[in-house]
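Report on the structure given below.
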Amino acid sequence: VQCFFVNAPSFEFEMKQVSGMVKVPQSVLQRQVRKVFERKLAEAVVLPMRVVIPLAPQIERELNVTMLRCPRPEGMLRLEVLSADNLGERRSPWLPNRRVHPDPLVKIFVGAEEFASPSRTYTFGPSWEGDEGAACWIRVFALVQNISFQVLDCSHTFYLDPIGEVAPQSMLSLMRTLPESQGWLPLAVPEEYLEGSHSGRADGGRLRVRATYFHLEETTALPWNGGSALIFELRCIPDMPQPPLARGLKKLVV
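Quick note on the numbering used here: the sequence shown kicks off at 1396 and runs consecutively.
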């Protein structure tokens, strides 16, 4: 049996009482707890991660369980962050009446995977064209899997301040939205950041990206600076010794 979520599931919880902790606004604490839950859940059962449960001991010996846990992707999606504009001024956390320029970077979220672009300094309209650090290859297991973008300000020392995000949409919808494989996507600020210290808005801001999809066959060459990319698949490692802790955990799970 193969178990996984195509997209990260949504869930609701309510914090009744918090004691013995530093006084923190409950909304902030609840948001941070939610992020931890979502990350741990994604790392366990959201594509490309999955759980395989053999129903009988002989099945694990006869079948290639490795291929069930790590199947070959349907294709590869190359995403490139090209530029952004109209990001808007930011409020200084120390001087609320002072407006400052952001140091933006872009994060891309696909299932359990996360990619980040390099940051740009002190600009409302950053550009990443020609920067390979702002491009990533994503394994595609289902074109209905959601993809989202988030623009963050990294000018603060201890945290990343949200500037805006692109609403999650499926890979198929994204590629249909972009004319000639590239285009502008509108940015909006999540509702939870519209109040308090995160009130600098990026409504009207835009993010320009390029998306190129390659369907994988038994022999597929992917363009990379005029050449090709070679994809290696690690099918299995036979007779690999298992650490004592892992053996104990396996017995515990069973």
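Ideal Cβ positions, reconstructed from N, Cα and C, are used throughout, including at glycine.
DSSP three-state assignment for residue i, whether helix, strand or coil
| i | result |
| --- | --- |
| F1400 | strand |
| S1568 | helix |
| K1712 | Any question about residue 1712 goes unanswered here, given that the chain covers just 1396 to 1649. |
| T1607 | strand |
| A1583 | strand |
| E1527 | helix |
| P1557 | strand |
| F1544 | strand |
| P1563 | strand |
C-alpha gap between residue i and residue j, whole angstroms
| i | j | result |
| --- | --- | --- |
| L1555 | G1520 | 18 Å |
| D1526 | Q1545 | 18 Å |
| H1610 | G1470 | 4 Å |
| P1466 | F1432 | 26 Å |
| N1459 | F1400 | 22 Å |
| P1468 | V1495 | 43 Å |
| F1536 | E1407 | 27 Å |
| L1573 | P1452 | 48 Å |
| L1442 | T1518 | 35 Å |
Selected residue, minimal CA-CA separation from residue i, among the options
| i | options | result |
| --- | --- | --- |
| L1547 | M1566, L1582, R1473 and G1528 | L1582 |
| L1450 | V1561, E1612 and C1398 | C1398 |
| A1562 | F1510, Q1425, T1518 and L1602 | L1602 |
| V1584 | N1402, E1560 and A1537 | E1560 |
| A1437 | P1513, S1405 and T1518 | S1405 |
| D1396 | L1463, N1402 and A1511 | Checking the sequence, you will find Val at residue 1396 rather than Asp. Answer by Cα proximity: L1463. |
Residues near residue i by beta carbon distance below 6 Å, same chain, minus five either side
| i | result |
| --- | --- |
| G1591 | Confidence is the limiting factor: at G1591 the pLDDT is only 47, short of 50, which leaves the residue's position unreliable, though a coordinate-based value still follows. Counting only Cβ-Cβ distances below 6 Å, and skipping sequence neighbours, we find nothing. |
| Q1577 | R1605 |
Neighbourhood of residue i by C-beta distance below 8 Å, restricted to the same chain and skipping five residues each side
| i | result |
| --- | --- |
| R1515 | D1498, P1499, L1500, P1521, S1522 and W1523 |
| G1600 | A1479, D1480, N1481, L1482, G1483, V1546, I1558, G1559, P1581 and L1582 |
| K1435 | none |
| M1410 | Q1421, L1424, Q1425 and V1428 |
Sequence-distant residues of the same chain with beta carbon closer than 7 Å to residue i, five excluded per side
| i | result |
| --- | --- |
| L1538 | S1565, M1566 and L1567 |
For residue j and residue i, believed in contact at Cβ under 8 Å, the rounded distance
| i | j | result |
| --- | --- | --- |
| A1507 | M1444 | 5 Å |
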